[in-house]
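Some notes on the structure that comes next.
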Amino acid sequence: MIGLSAADAKRPVARAMRAVPAGVKLLALAAVSAGLFFVERLDLLGGALAIGLALAWGTGGGALLRALRPIAFMLVFAFGAHALLGDWRLGLAVCLRIGALVLLASAVSASTEVSEMLAVLDRVLSPLRWVGIPTRPVGVACMLTLRFAPMLGERWRGLDAAWRARSPRRAGWRLVVPFVVSALDDADGTADALAARGAFTRK
């Protein structure tokens with residue numbers, strides 16, 4: 000599993016999530032993700048966000064939610080940009096939609112073994128092999144998308160701690176550029192490491 004401590008694993012919601020097969024969780028996540036992009040009502044999007052919050056809290060507790068705090072900061076920034084452009088309802092809908100998806104994906108990734116997710120994705124993508132497309136790189140990319148949400152939170156907290164050690168002022172938006180640069184650097188290093196271990200071999 001990704002991001003679950005021993006205490007978190009004993010939570011009732013975490014136990015229930017672990018009991019659900021990985022394929023069912025990923026299928027439900029894909030269906031909800033696709034469906035939310037057709038939803039425009041703010042009350043329904045708010046309900047989806049509330050369900051995501053409940054699942055994330057029940058699965059990983061405060062640690063998981065704190066790991067996602069940087070994403071919340073970026074959503075607030077996106078809402079402010081839409082509001083300045085005169086369409087705050089669209090900005091709020093986008094933020095609610097993305098927030099719900101991130102929370103749901105984090106709950107799924109925190110309660111599912113990486114090997115289980117990769118095995119499911121390999122089976123789902125297997126028809127692509129009939130036309131000569133290797134499925135392992137696609138599966139690894141999907142799995143890493145779920146994996147990196149909590150990791151990005153850890154990176155933001157590390158940058159924030161480094162800033163506070165050197166300045167009494169709050170970092171705020173000043174961390175956005177180093178955060179993006181470090182995330183891209185992590186992605187590049189991860190790709191090199193996976194390639195060296197054969198993660199992108201044809202399968």
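Under numbering that gives the first Met the number 0, think of the first position of the sequence shown as 0, with each following residue one higher. We treat Cβ as the ideally placed atom computed from N, Cα and C, and that holds for glycine. A quick note: this is a predicted structure, and the numbers were derived from the prediction, not measured.
* In whole angstroms, what is the alpha-carbon distance linking leucine 91 and glycine 171? -> Stepping through the sequence shown from its first residue, residue 91 is reached at position 92. Stepping through the sequence shown from its first residue, residue 171 is reached at position 172. Cα to Cα, leucine 91 sits roughly 21 Å from glycine 171.
For valine 101, which three-state DSSP category applies? If you number the sequence shown from 1, residue 101 lands on position 102. DSSP places valine 101 in helix when its eight states are reduced to three.
How long is the line joining the alpha carbons of arginine 156 and valine 119, rounded to whole angstroms?
By one-based count along the sequence shown, residue 156 stands at place 157. By one-based count along the sequence shown, residue 119 stands at place 120. Each residue's alpha carbon lies about 32 Å from the other.
Runs of alpha helix (DSSP H) lying entirely within the region 75-158, each at least 4 residues, in chain order:
87-109, 113-123
Just to confirm, is the Cβ distance from leucine 89 to leucine 48 under 8 Å?
The sequence position of residue 89 within the sequence shown is 90, counting from 1. The sequence position of residue 48 within the sequence shown is 49, counting from 1. It is not a contact, given that the beta carbons lie outside the stated cut-off.
Check your understanding: Apart from the five residues on each side of it in sequence, which residues of its chain come closer than 7 Å, Cβ to Cβ, to proline 177?
Key -> Here the question's residue 177 lines up with position 178 in the sequence shown. These residues qualify, in order along the chain: Leu158.
Report task. Could you tell me whether the region 98-117 touches the region 22-36, where touching means 3 or more Cβ pairs closer than 8 Å? Result -> yes
> Closest by CA to valine 123, which one among Thr134, Leu44, Ser114, Asp191?
Replying inline: In the sequence shown, residue 123 corresponds to position 124, counting from 1. With distances taken between Cα atoms, valine 123 lies closest to Thr134.
Going by other Cβ atoms of all chains shown within 10 Å of its Cβ, with 16 needed for buried, is glycine 188 buried or exposed?
-> Here the question's residue 188 lines up with position 189 in the sequence shown. Result: exposed.
Original post:
Residue range of the alpha helix (DSSP H) that proline 177 falls in?
Top reply: The residue you call residue 177 lines up with position 178 of the sequence shown. It spans 175-195 - the alpha helix (DSSP H) in which proline 177 sits, taken as one unbroken run.
- Message: Among Ala53, Asp121, Val12, Leu174, whose alpha-carbon lies nearest the alpha-carbon of arginine 154?
- Response: Residue 154 sits at position 155 when you count from the first residue of the sequence shown. Here the closest residue by C-alpha is Leu174.
* So is alanine 21 buried or exposed if we call it buried at 16+ other beta carbons inside 10 Å? -> Taking the sequence shown and counting its residues from 1, one reaches residue 21 at position 22. By the neighbour-count rule (16 or more Cβ atoms within 10 Å), alanine 21 is buried.
Where the alpha helix (DSSP H) through proline 11 begins and ends
Working through the sequence shown from its first residue, we reach residue 11 at position 12. First-last of the alpha helix (DSSP H) with proline 11: 11-18.
* Hey, how far is the Cα of serine 193 from the Cα of glycine 85? -> Along the sequence shown, read from residue 1 onward, the residue named residue 193 stands at position 194. Along the sequence shown, read from residue 1 onward, the residue named residue 85 stands at position 86. According to the sequence as given, residue 193 is leucine; it is not serine. The straight-line gap from Cα to Cα measures roughly 44 Å.
Review point. Are there 16 or more other CB atoms within 10 angstroms of the CB of leucine 41, so buried, or fewer, so exposed?
Key: As a working note, residue 41 is residue 42 in the sequence shown. Exposed, since its Cβ has fewer than 16 Cβ neighbours within 10 Å.
Notebook entry, point to check: Since serine 32 is in the alpha helix (DSSP H), which residue starts that stretch and which ends it?
Noted result: Position 33 of the sequence shown holds residue 32. Taken as a continuous stretch (DSSP letters only), the alpha helix (DSSP H) holding serine 32 covers 21-35.
| Local conformation of alanine 71 per DSSP, three classes | As a working mapping, residue 71 is identified with position 72 in the sequence shown. It is helical.
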